[in-house]
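With positions in the first sequence counted from 1, the corresponding number in the numbering used here is that position plus 38. Encoded as structure tokens, the structure appears first; notes follow it.
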Amino acid sequence: MPEGPELHLASLFVNRMCEGVVFTGPVRKSEVSKSPEVPFTCDEYRIKATSRGKEVMLTLTPMKGDDKACSRVEAGQADHCQPIMDIVFRFGMSGFFRFTAEDELPKHAHLRFYSKEQPSRVLSFVDARRFGGWQPNGAWQPGRGPCIMFDNKGFRENVLTHLSNRAFDRPICEVLLNQKYFNGIGNYLRAEILFRLNIPPFVLARKVLEGLNRSEEVFESETAINDQLIDMKTCDGTTRKNVKVEAAADLLTLCHTVPLEVVNLGGKGYDPEKADHSDFKAWLKCYYVDGMKSIRDHNGRTMWFSGDPGPMVPKDSKSPKAKKRAKKDDDDDYKGKKKVVKSHSDRIKKEKQVKQEPVPKQLKKEMDSKRRKSGHKGQLVNTTGDKNSLAARSRKSSSAETPIPQRRSGRVSRQSTQ
DNA sequence: CGTCCACGTCTAC
DNA sequence: TAGACCTGGACGG
Numbered sequence: 039m040p041e042g043p044e045l046h047l048a049s050l051f052v053n054r055m056c057e058g059v060v061f062t063g064p065v066r067k068s069e070v071s072k073s074p075e076v077p078f079t080c081d082e083y084r085i086k087a088t089s090r091g092k093e094v095m096l097t098l099t100p101m102k103g104d105d106k107a108c109s110r111v112e113a114g115q116a117d118h119c120q121p122i123m124d125i126v127f128r129f130g131m132s133g134f135f136r137f138t139a140e141d142e143l144p145k146h147a148h149l150r151f152y153s154k155e156q157p158s159r160v161l162s163f164v165d166a167r168r169f170g171g172w173q174p175n176g177a178w179q180p181g182r183g184p185c186i187m188f189d190n191k192g193f194r195e196n197v198l199t200h201l202s203n204r205a206f207d208r209p210i211c212e213v214l215l216n217q218k219y220f221n222g223i224g225n226y227l228r229a230e231i232l233f234r235l236n237i238p239p240f241v242l243a244r245k246v247l248e249g250l251n252r253s254e255e256v257f258e259s260e261t262a263i264n265d266q267l268i269d270m271k272t273c274d275g276t277t278r279k280n281v282k283v284e285a286a287a288d289l290l291t292l293c294h295t296v297p298l299e300v301v302n303l304g305g306k307g308y309d310p311e312k313a314d315h316s317d318f319k320a321w322l323k324c325y326y327v328d329g330m331k332s333i334r335d336h337n338g339r340t341m342w343f344s345g346d347p348g349p350m351v352p353k354d355s356k357s358p359k360a361k362k363r364a365k366k367d368d369d370d371d372y373k374g375k376k377k378v379v380k381s382h383s384d385r386i387k388k389e390k391q392v393k394q395e396p397v398p399k400q401l402k403k404e405m406d407s408k409r410r411k412s413g414h415k416g417q418l419v420n421t422t423g424d425k426n427s428l429a430a431r432s433r434k435s436s437s438a439e440t441p442i443p444q445r446r447s448g449r450v451s452r453q454s455t456q
């Protein structure tokens with residue numbers, strides 16, 4: 039669940055679940071994880087979370103100060119208390135937090151915090167792919183910019199004062215993934231943001247950004263930004279005439295407000311496993327939506343958009359295979375989700391499972407990743423056309439016109455949120 | 001069974 | 001600017 043909104047929602051989740059919970063003992067790490075051990079143990083401590091861009095910080099705070107047994111794990115003996123431990127997490131492609139009973143640990147729970155109750159409950163950092171990780175005694179990663187959601191001013195300043203930097207020589211869609219300037223934007227957000235403004239993804243970033251106001255004066259009130267100012271998608275984004283209106287809908291503003299929309303949806307944001315994912319899917323107007331085009335950028339990441347790709351399109355760029363899914367994941371298969379428990383005896387020995395080492399690495403994996411980046415030449419793909427039948431819709435019409443977001447095939451028939 | 005794809009960084013030629 | 005790092009779901013044969 040890993041773009042800025044998901045990281046923030048994760049911090050809210052931790053604070054909600056851990057409110058009033060007393061944790062105890064050492065922090066435990068799975069064997070397979072390559073992230074560091076967390077040298078913290080305490081008889082009684084609490085957990086709080088905060089987020090910044092694409093990072094989450096957990097703060098472990100001992101409850102009774104020094105009189106309790108607090109010691110460094112590595113020291114073995116209780117030499118001295120370690121007052122507070124900050125741990126900074128990055129989620130990679132698949133990280134998230136869960137809070138479960140001790141005997142229901144999720145698969146891939148790589149860092150665990152145990153509550154003091156008798157049947158103990160456990161806060162787990164879960165990360166199937168292990169692209170994520172953590173740093174004990176950590177600080178926000180240097181080099182990442184201000185949070186796009188919660189430091190709007192800093193974020194905006196940081197971009198506009200560095201436009202001469204070579205980082206902005208690239209297409210806007212690629213620069214939006216540069217966490218030095220857009221800490222919190224990820225692949226679905228860049229698509230949604232550019233789509234709202236009808237900005238071609240492969241236009242020089244500097245060109246799109248230069249001339250934006252430093253101060254965003256239209257929005258003096260931070261609070262007004264959050265809710266709903268975002269329906270002014272009709273703005274062109276290329277003409278700089280109507281300052282007021284444009285400022286209200288400029289790219290940097292949307293980099294702030296669009297992610298906040300996801301936060302305000304509640305739920306978990308991008309998380310296909312969850313029932314409440316349907317709200318998020320309904321929110322998407324471009325990313326993975328039927329009828330939108332997609333193409334791989336210079337880094338091999340799929341860019342979703344509509345209309346003109348812009349002049350800096352990768353020549354001979356690879357395009358993702360014709361989409362075929364779209365169909366299955368919506369419609370009604372939400373109801374009978376097999377997502378049920380299945381928690382049986384076989385689930386209990388989680389410890390062991392987490393342990394098993396990856397045996398035969400590389401080889402086939404390399405093949406896959408290789409193929410992705412240097413794959414064959416392809417061109418734009420209009421998902422509507424390619425999905426089931428090449429004829430299908432008029433891929434032409436959707437290419438040059440103002441996009442009319444087509445819902446993904448599935449109905450978002452409300453489902454009870456678990 | 002196999003291939004392709006995924007919400008992201010990292011570092012090494 | 002390629003890989004590397006990983007697991008697993010969807011889909012094709």
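For each residue, glycine too, the CB sits at the ideal point set by N, CA and C.
Cβ distance (whole Å) where residue i is taken to contact residue j below 8 Å
i    : j    : result
L149 : W178 : About 18 Å; that fails the 8 Å criterion.
G42  : M187 : 6 Å
F233 : K323 : 6 Å
S153 : F61  : 5 Å
N463 : M101 : As shown, the chain starts at 39 and ends at 456. That puts residue 463 outside it, with no answer to give.
H294 : N190 : 5 Å
D317 : L298 : Going by Cβ atoms, the distance from D317 to L298 rounds to 15 Å, so no, they are not a contact pair.
A287 : L235 : 6 Å
G307 : E44  : 4 Å
First and last residue of the uninterrupted alpha helix (DSSP H) at residue i
i    : result
S316 : 315-321
M55  : 42-56
G192 : 190-198
K245 : 243-247
A229 : 225-235
P180 : No alpha helix (DSSP H) holds P180; DSSP gives it neither H nor E.
P144 : Counting along the chain, P144 falls outside any alpha helix (DSSP H), and DSSP gives it neither H nor E.
I489 : With the chain represented from 39 up to 456, any question about residue 489 goes unanswered, as that position is not in the structure.
V301 : 289-303
Given residue i as reference, the closest of the options once Cα atoms are compared
i    : options                : result
V327 : P64, E230, C293, P238  : E230
G192 : P352, K245, Y219, K92  : Y219
N225 : P238, N236, C211, R234 : C211
H336 : F78, I122, R208, G133  : R208
R252 : V94, T291, A48, E41    : T291
P349 : G307, P239, H315       : P239
G181 : E69, R90, L96          : R90
Q156 : F169, A139, G222       : A139
V3   : F169, I223, T97        : The displayed coordinates of the chain run from 39 to 456. Any statement about residue 3 would go beyond what the structure contains.
D354 : K306, G249, R334       : R334
G329 : E69, S344, A287, H315  : S344
R168 : G338, A287, K67, P121  : K67
R84  : K92, S73, S332, T97    : T97
R228 : V197, V301, R339, S202 : R339
C185 : N203, F127, V59, K92   : K92
R128 : E82, V59, G63, P40     : P40
F137 : L198, E69, E82, V59    : V59
Residues of its chain near residue i, where Cβ-Cβ distance is below 6 Å and the 5 sequence neighbours each way are ignored
i    : result
S71  : H148
V52  : A87, F135
V351 : F240
D346 : P238
M341 : C211, P239, I333, D335
S158 : E140, Y152
G183 : N196, K218, Y219, N221
S73  : G171, W172
V301 : P43, H46
Same chain, Cβ closer than 8 Å to residue i, neighbours up to 5 away in sequence not counted
i    : result
E57  : none
V246 : I210, I237, G275, L289
V213 : A205, F206, Y219, F220, A243
H200 : F206, Y219
E82  : V60, F61, T62, P100, M101, K102, K106, K154
Contacts around residue i, its chain only, beta-carbon distance under 7 Å, and the 5 residues preceding and following it disregarded
i    : result
N216 : A205
Q391 : Caution applies to Q391, whose pLDDT of 32 falls short of 50 and renders its modelled position unreliable; the value that the coordinates give is listed next. Counting only Cβ-Cβ distances below 7 Å, and skipping sequence neighbours, we find K145.
S49  : A87, T88, S89, V94
F151 : F61, V65, I85, V160, L161
R54  : none
Endpoints, beta strand (DSSP E) assigned at residue i
i    : result
E93  : 93-100
L161 : 159-165
P64  : 61-64
M123 : 123-128
M341 : 340-343
G222 : No beta strand (DSSP E) holds G222; DSSP gives it neither H nor E.
contact_flag[the stretch 157-171, the stretch 130-149] where n(CB pairs < 8 Å) is 3 or more: yes
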